[in-house]
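Numbered per our numbering, the sequence shown spans residues 29 to 608.
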Amino acid sequence: MFYGVLIILFGMLWQSMSPDNYIVNKPYNHFTQNLDDVSSFLLRSDQKTFGYILRGDTTLYQSVFPPGKVTLLIDELQTQGTIIEVEAPPEPAGFGSMILFSIIPVMLLIGALVWMSKRGGSSGVAAFGNSPATLVDPAKNTTTLADVAGNPGDFDEVYELIDFLKAPEKYWRAGATLPHGILLYGPPGTGKTLLARAIAGEAKVPFYTISGSDFVEMFVGVGASRVRNMFETLKKAAPAILFIDEIDAVGGQRSGGFGGAGNREADQTLNQLLVEMDGFDEHASIMVIGATNRPDSLDPALLRPGRFDRIIPIHLPDINARKKILEVHVKGRDVEDDIDLHTIAKGTPGFSGADLMNLVNEAAMLVAKGDRESMTMADLDGARDRVLMGKEKSLVMDDKEKEMTAFHEAGHAIAGFNMPEHDPIYKISIVPRGQALGVTMYLPERDRYSHSHQYLQSQLVSLMGGRAAEELQYGKLAITTGASNDLQRATELARSMITKWGFSDTGLISFPERDFDLISDDTKTKIDDQVRALLDAAYKQALAILTKNKSKLKKVASALVEKETIDLEEFLILIGKKRA
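Next up, the structure:
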């Protein structure tokens, strides 16, 4: 609102100072080139500039005479019947006009500034440097650690911090001081904000929340002012907690004095944050909790002891934690007895708490869409498929394309099934979802925290299975673009195996992406050669597996054409195998 008023007023002032802003200036040759089409000609009072209008046009063009051309051109225009006018010398502007075009906009601008200053609050000019942090009243904050299902992070440290906020005297007597800075880091959606709110809820203290980007503005000094204002508020409210989400926006590594005003503003804001955290009284019951997905981007000065000296990682939930999170989200909903949350938890490896909440919400949408009262296992399965594979699309494929897609997906399934350490098949489908015409989904039997060389090699072979099946069934000239995403994923995996995990002849060395430009051309060539060799070997192995199992490949593809989707049990029957 404030900036909008300023822009309008400055626009009015500019308009008032530019009465000729509707005139289009043109070079002299534009006038001579269109001389025959000039319908009206205006000679300015200075005898050097002139205006003209062309036939069929309403624009007033303006140009400047070259020396000695004035009389000549006027004679020629008179000959062709052009209307010629001479501008009278300008009269001195009257006092009334001066007020209208100059003083009134300035007075309006001053009045707007005074009005905005008197308004105060977050939108007032006087409050521009105030912190925009939101206060959650202790009486209204009912979030506790019981709501943080799955217990992310190290709860021993969390209980210790809560105890300190509740009974600080016990620690002061022992000579201990409260860790004033706590950094929570982990993947998005793992519950960092929820955990910070739960700490405040357990300790029954005021909870201020703000995003790191709220401190930084385009004007140098505003961010530092907001930091000062925020900490003044905290000291008055102590004991209190300040939660800074996405702290990397304000605590990123400093530019070292280089860069423009934006960098200087960010540096000053961070410097002020460091000063304020250093200025805590040892008995001040104030805790700053920061959250980030990128701890490596933070300035080292922010992480030294005395500032953010407690670092608590928040991991993705394991199978037991996922089950507890699902129990929280289905609580209070009408669910059928057939729901098995352990099975859903087992089938959602890598899901964050936010992903699981989204899954239950998608299931609830299916219940509402079916105009039913209670949620079933089929709803949760359908929701998981949508989250993992995307929404089904009503895309009409002809019989030939449908058959090729079936062979492609059957190739993935059979290649993966015959590789050691590969995850079991969950579902094979040729129903278009998202950007894919079909999908073969695998679900691990357990959570994996590290991967063996054999496991990664199996992934490469299964990814190559789709293209290999197309070549085996239709020949090299008939293969399609359907393997585009498979090749991209396989290339990324193979490159990581070579450059990050040491599965190569290059040696036990890591090549971070940010330093890749520093690698010699010879080493880059070796890396490319080894990536290509891994992919070629995986493709040959997939082709060999499918050639050996060609009859099974055709059975699975035929079943997909008929049913469009088959699960693990149906797949095992088709290839004549039993569940292990």
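Cβ atoms here follow ideal geometry from the backbone N, Cα and C, with glycine treated the same way.
Residue i and residue j closer than 7 angstroms at C-beta
i	j	result
G616	G217	Residue 616 lies beyond the range of the chain shown here (29 to 608); nothing can be said about it.
S325	D362	no
A522	L563	yes
G209	P341	no
S457	T371	no
L571	A496	yes
A391	L408	yes
A518	L491	yes
G219	T171	no
V356	V388	no
G240	V278	yes
D327	Q296	no
S193	V233	It should be noted that the sequence gives Leu, not Ser, for residue 193. Yes.
D475	P540	no
N577	I442	yes
S313	P267	yes
E449	Y483	yes
Per-residue burial, residue i [other beta carbons within 10 Å of its own, 16 or more giving buried]
i	result
V114	exposed
D556	exposed
I227	buried
Q108	exposed
K605	exposed
E104	exposed
G32	Caution applies to G32, whose pLDDT of 49 falls short of 50 and renders its modelled position unreliable; the value that the coordinates give is listed next. Exposed.
H440	buried
A506	exposed
V176	buried
D543	exposed
A195	exposed
L416	buried
H481	exposed
D383	buried
Q558	buried
Y80	buried
V25	The structure shown has nothing for residue 25, since the chain only spans 29 to 608.
I269	buried
N53	exposed
For residue j and residue i, the rounded distance between their alpha carbons
i	j	result
T527	L488	16 angstroms
M447	E431	25 angstroms
T509	Q485	23 angstroms
L354	G398	22 angstroms
V164	F271	11 angstroms
D426	V589	11 angstroms
A438	S524	27 angstroms
K351	R412	14 angstroms
R256	K263	11 angstroms
M305	K198	23 angstroms
R414	N513	19 angstroms
V584	K568	21 angstroms
S151	V459	Any reading at S151 needs caution, since the residue's pLDDT is 45, under 50, leaving its predicted position unreliable; the model's value is listed next. Roughly 52 angstroms between the two C-alpha positions.
A252	Q300	5 angstroms
Q61	P55	10 angstroms
S532	R322	29 angstroms
G410	V395	11 angstroms
K554	M469	33 angstroms
T404	D368	9 angstroms
F662	L211	Limits of the chain in this structure are 29 at one end and 608 at the other, which puts residue 662 out of reach.
N348	P472	15 angstroms
A561	G493	17 angstroms
L581	H436	10 angstroms
For residue i: DSSP bridge partner residues
i	result
L600	The partner list for L600 (beta bridge, DSSP) is empty, contrary to what the question assumes.
K606	Bridge partners of K606: none, in fact.
D273	S239
Y213	T320 and P341
S586	For S586, which the question treats as bridged, DSSP gives no partner whatsoever.
E113	L70
F336	G209
D549	In the DSSP output, where bridge partners are listed per residue, D549 has none listed.
D595	K455
Q90	N53 and G79
A268	I314
Y470	I453
V164	F235
L223	According to DSSP, which records beta bridges pairwise, L223 is partnered with nothing at all.
L326	G280
- Query: Which ranges would you report for the alpha helix (DSSP H) in the stretch 350-418 if only whole runs of at least 4 residues count?
  - Reply: 369-374, 381-397 and 405-417
- Entirely within the stretch 491-545 and at least 4 residues each: give me those alpha helix (DSSP H) ranges in chain order. 512-527
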